[in-house]
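Take a look at the structure:
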């Protein structure tokens with residue numbers, strides 16, 4: 378009947394509106410979480426760098442290498458530049474820690 382179709386249309390419209398509101402709220406929450414994660418990552422990176430700049434740079438170079446090179450990757454690059462230099466020269470000598 379016409380009344381049933383009208384009620385069905387109202388129900389669909391309300392459900393679609395609710396879905397849009399939920400989606401918008403979820404997008405805002407996701408953006409907040411991502412922003413907090415970036416701030417926390419920057420804090421962690423800063424702390425790691427302050428603790429040992431050489432080790433930090435080595436690990437970041439290796440992370441970069443792992444990101445850009447996979448099993449099917451073929452690259453022709455200079456090995457005297459980061460991050461590939463570490464593959465030729467080995468890791469830099471880290472300063473010895475002072476006894477506690």
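Numbering (this note's numbering), first residue to last: 378 to 477.
We put the beta carbon where it would ideally sit given N, CA and C, even for glycine.
Skipping 5 residues on each side, what residues in its chain have a beta carbon closer than 7 Å to that of residue i?
i	result
residue 468	435
residue 383	none
residue 459	438
residue 379	none
Hey, quick one: how far does the alpha helix (DSSP H) through residue i stretch, first residue to last?
i	result
residue 395	379 to 428
residue 463	462 to 466
Going straight from the alpha carbon of residue i to that of residue j, what length do you get?
i	j	result
residue 464	residue 413	35 Å
residue 440	residue 428	18 Å
residue 444	residue 391	45 Å
residue 449	residue 405	38 Å
residue 396	residue 403	10 Å
residue 426	residue 400	38 Å
residue 447	residue 418	25 Å
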